[in-house]
Every structure is written in C-alpha cells, then in structure tokens.
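A.B. asks: Per the UniProt record's numbering, the sequence shown starts with residue 1, numbered consecutively.
For every residue, glycine included, the Cβ atom is placed at its ideal position computed from N, Cα and C.
I have a structure here, written as structure tokens, and I will follow up with some questions on it.
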Amino acid sequence: MSIFVNKDTKVLVQGITGNEGSFHTRQCISYGTRIVAGVTPGKGGQKMDDVPVFNTVAGAVKETGADASLIFVPPPFGADAIMEAADAGVSLIVAITEGIPILDMVKVKNFLSSKKCRLIGPNCPGIITPEECKVGIMPGMIHKKGHVGVVSRSGTLTYEVVDQLTKNGMGQSTCIGIGGDPVNGTNFIDVLSAFEADPDTHAMVMVGEIGGSAEEDAAAYIKAHVTKPVVGFIAGLTAPPGRRMGHAGAIISGSSGTGDAKIKAFKENGIHVCENLGRIGQICKEVF
Numbered sequence: 001m002s003i004f005v006n007k008d009t010k011v012l013v014q015g016i017t018g019n020e021g022s023f024h025t026r027q028c029i030s031y032g033t034r035i036v037a038g039v040t041p042g043k044g045g046q047k048m049d050d051v052p053v054f055n056t057v058a059g060a061v062k063e064t065g066a067d068a069s070l071i072f073v074p075p076p077f078g079a080d081a082i083m084e085a086a087d088a089g090v091s092l093i094v095a096i097t098e099g100i101p102i103l104d105m106v107k108v109k110n111f112l113s114s115k116k117c118r119l120i121g122p123n124c125p126g127i128i129t130p131e132e133c134k135v136g137i138m139p140g141m142i143h144k145k146g147h148v149g150v151v152s153r154s155g156t157l158t159y160e161v162v163d164q165l166t167k168n169g170m171g172q173s174t175c176i177g178i179g180g181d182p183v184n185g186t187n188f189i190d191v192l193s194a195f196e197a198d199p200d201t202h203a204m205v206m207v208g209e210i211g212g213s214a215e216e217d218a219a220a221y222i223k224a225h226v227t228k229p230v231v232g233f234i235a236g237l238t239a240p241p242g243r244r245m246g247h248a249g250a251i252i253s254g255s256s257g258t259g260d261a262k263i264k265a266f267k268e269n270g271i272h273v274c275e276n277l278g279r280i281g282q283i284c285k286e287v288f
C-alpha cells in the first residue's frame, strides 16, 4: 500500500505548456506516472507531446477522469488554479508553485474547507510512491520501494534523507514534501496519521525546521497516536536569531519555534532525534 497516490492515480497538469510544466511532466511520465491531461487556458485542443491540453480543469476531468492535479502556474495565478481544481472535483491537488501570497492562501484554505479534496503544498516538491507514481519534481532515481514513510517541510532535505535511506537498504512507502510556507494544505499530523494507518509503512522520518509550532504539535500527536518508530530532524539550528531563512514559515518569534524547543519536544515525546543530517541514514538503520 501507500498513501494518497499509487499506480492507478490519474494526473492532470495545470500549466503544462510552460517551461517548468512541460519539463516535469515529461519527467513524471518517464517515471511511470499516468499523466492523462494538461490544462492551459487558451491552448485547449493542442497537445504537449502526446498529452491532450484543455482550457479548463473541469473539461479535462470530464474527458479523462483525472483525480489528481499537479500545478506549475505562476504565483499570481496559483490560488485560482488550486480553487479551480477543487471546484472541478479533483481529490488531490499538488501545488509546486513558490511565492503564492499568504493572503491568497488564506482565501484558498477557506475555500477548500467546503470541498472534499486534499492540497499538498504550495512551495513543495510534491509526493512520490516509489516505483508507482511521482506527482512532483523530486529526482525519482534515488527512491526505492519499501516501508519507511518520509514527510518534510524541505524539498532538498527530503532528497537527502531519501538518498541515505536507499543507500542504507531502506526503501520508502511514500515520501511527501508539505512545503515551507506558513499557510499550506496538508500538515505533519495529516501525513503521520495516514502513515500510522498504512500497513505497508513500518517506520517514519519527519524533517522539520525552525519557525512556527508544527513540529511541536506533531510531536504531541506522535506520543498520543503513533505506534511506529519515528526519527526526526530539525533544520536551521545554526541560523542567527532574527534571520529570515529560505522558507517563509521559518521565522522565529520570541522563544517560540526555536530549534532547541523543537528538539526538546521531539525527545519528550519519544521521537528519535538526529542532530547530524549526514548520519540520518545510519540512525534510521539502527532505530528501524
């Protein structure tokens, strides 16, 4: 099993005719993902390679039965693209776009509250079930099918963790980058609960970072609800106080959201803490 995507997932790509959209669509198809449609307003009727392009998400869903959307549109149009997908009945929306304004995302969150769909991102690498389905921009070749679930706020750190897991002989059930923005869709707890319910996920790796309280909330959830072993890492421990890091959500206010507070929460709630990312593969091998 896996969570959220598998070999049967039918994906449409919003922004498929742009440079990023067309490049990563080809990468997903090469990996084996069922890309059934693209959407670019004004370019309906065309094709991107062999993929039919539609003017609207509703039209693409009606003709192809797509149940997931991968979004590459520019930031000013990101919120509308997410809401269009949700309005068309797409059950899983993966927004790669970076830089969608926070106020736009607040409107999106309110809109999605009345819809039966899941948003991953924005500003994320996407989701992959190894050897079945890639809906995102992650390098597929480093992944290996297995039993470790990976969830992270950082795209590049997700790749580093996955690479070390694979090199240490541990494949992955599903890997998800939830994104580093302060307002996003799926959060740590959503993913952890899905991994806990998935019989094919035997252990988990959670990669957090400074800023916000998502890691502390997830740690408390793990202690109360998760029975499988979890290894955790916090990025940004050496960041100077007050310095804004690459992710919009990595902002420390007062004593809240510090790396020390997050590591303390991890340890108090039974999470195996890795403080040297270069050893996370070895630590996972010892714990799992």
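1) With distances taken Cα to Cα, identify the nearest neighbour of His-147 among Asp-260, Lys-134 and Met-170.
2) Helix or strand or just coil, what does DSSP make of Ala-88?
3) Who are the near neighbours of residue 331 in its chain, counting only those whose CB is closer than 6 Å to its CB and skipping five residues on each side?
4) Check whether the segment 28-44 touches the segment 90-107, counting contact only when three or more Cβ pairs, one atom from each stretch, lie closer than 8 Å.
5) Find the nearest neighbour of Arg-26 within the set Phe-233, Val-135 and Gly-208, judged by alpha-carbon distance.
6) Is it buried or exposed for Asn-184, if we count other Cβ within 10 angstroms and need 16 for buried?
7) What separation, rounded to the nearest whole angstrom, lies between the Cα atoms of Phe-72 and Met-204?
8) Pull up the distance between the alpha-carbon of Gly-78 and that of Ala-95, whole angstroms please.
9) With distances taken between CB atoms, is the gap from Gly-259 to Gly-236 smaller than 8 Å?
10) Using CA coordinates, which residue listed in Val-90, His-24 and Thr-33 is at the minimum distance from Thr-56?
11) For Val-287, is the classification buried or exposed, using 16 other Cβ atoms within 10 angstroms of its Cβ as the cut-off for buried?
12) What residue range is occupied by the uninterrupted beta strand (DSSP E) comprising Leu-70?
13) Of the residues Ser-173, Ala-60 and Ile-283, which one's Cα is nearest the Cα of Val-5?
14) For the candidate residues Arg-153, Asn-187, Gln-14 and Gly-140, whose alpha-carbon lies nearest to that of Tyr-221?
15) Could you give the first and the last residue of the continuous alpha helix (DSSP H) run that contains Leu-157?
16) Would DSSP call Glu-275 helix, strand or coil?
17) Counting only the same chain and skipping the five closest in sequence on each side, list residues whose C-beta sits under 7 Å from that of Pro-125.
18) Quick check on the burial criterion: 16 or more other C-beta atoms within 10 angstroms. Buried or exposed for Met-141?
19) Would you say the beta carbon of Gly-257 comes nearer than 7 Å to a heavy atom of the ligand COA?
20) At a Cβ threshold of 8 Å, is Phe-288 touching chain C?
21) Quick one: is Ser-197 buried, meaning 16 or more other Cβ sit within 10 Å of its Cβ, or exposed?
22) Rounded C-beta distance between Ala-219 and Ala-265? I'm assuming under 8 Å.
23) So what's Val-39 in DSSP terms, helix, strand or just coil?
24) Determine the extent of the alpha helix (DSSP H) in which Ile-64 is found, giving its start and end residues.
25) From this set, Thr-201, Gly-179 and Asp-190, which residue's C-alpha is nearest Gly-149's C-alpha?
26) Going along the chain, which unbroken runs of the beta strand (DSSP E) with 3 or more residues stay wholly within the segment 199-231?
27) Assuming Val-51 contacts Ala-37 under a Cβ cut-off of 8 Å, what Cβ separation, rounded to an integer in Å, is found between them?
28) In chain order, what residues of the same chain lie with their CB nearer than 6 Å to the CB of Gly-99, ignoring the 5 residues before and after it?
29) Would you identify the three-state DSSP class for Gly-180, choosing helix, strand or coil?
30) To the nearest angstrom, report how far apart Ile-29 and Val-108 are at their CA atoms.
C.D. replies: On the basis of the supplied data:
1) Looking at Asp-260, Lys-134 and Met-170, the one whose alpha-carbon comes closest to that of His-147 is Met-170.
2) DSSP, read as helix, strand or coil, puts Ala-88 in coil.
3) Look at the range of the chain in this structure, 1 to 288, and you will see that residue 331 is not part of it.
4) Segments in contact, no.
5) The shortest Cα separation from Arg-26 among Phe-233, Val-135 and Gly-208 belongs to Val-135.
6) The Cβ neighbour count for Asn-184, taken over all protein chains shown within 10 Å, is at least 16; the residue is labelled buried.
7) Straight-line measurement puts the Cα of Met-204 at about 29 Å from the Cα of Phe-72.
8) Near 8 Å, if we compare the C-alpha coordinates of Ala-95 and Gly-78.
9) A Cβ-Cβ contact shorter than 8 Å links Gly-259 with Gly-236.
10) Closest in alpha carbon position to Thr-56, among Val-90, His-24 and Thr-33, is Val-90.
11) It counts as exposed.
12) Note, Leu-70: beta strand (DSSP E), 68-71.
13) Selected option, being the one with the closest Cα: Ser-173.
14) Answer by Cα proximity: Asn-187.
15) Run containing Leu-157: 155-167, per the alpha helix (DSSP H) assignment.
16) Looking at Glu-275 - three-state DSSP - the assignment turns out to be coil, as it is neither helix nor strand.
17) Excluding sequence neighbours, Pro-125 sits near Gly-136, Ile-137, Met-138, Gly-155, Thr-158 and Gly-177.
18) Exposed.
19) The ligand COA is not among the ligands present in this structure, which contains no ligands whatsoever.
20) Reference to chain C is not applicable here, since this structure consists of a single protein chain.
21) The residue you asked about is not Ser; residue 197 is Ala in the sequence shown. An exposed status is given to Ala-197, since fewer than 16 other beta-carbon atoms sit within 10 Å of its beta-carbon.
22) With 8 Å as the limit, Ala-219 and Ala-265 qualify as a contact, their Cβ atoms being about 4 Å apart.
23) In the three-state reduction of the DSSP assignment, Val-39 falls in the strand class.
24) The residue asked about is misnamed: residue 64 is Thr in this sequence, not Ile. For Thr-64, the uninterrupted alpha helix (DSSP H) segment begins and ends at 57-64.
25) Checked all of Thr-201, Gly-179 and Asp-190; the closest Cα to Gly-149 is Thr-201.
26) Segments of the beta strand (DSSP E) lying fully in the segment 199-231: 203-209.
27) Rounded, the Cβ-Cβ distance is 7 Å, consistent with contact.
28) So the list reads Pro-75, once near-sequence residues are dropped.
29) Gly-180 falls in the coil class under three-state DSSP.
30) If I take the Cα positions, the gap works out to 29 Å.
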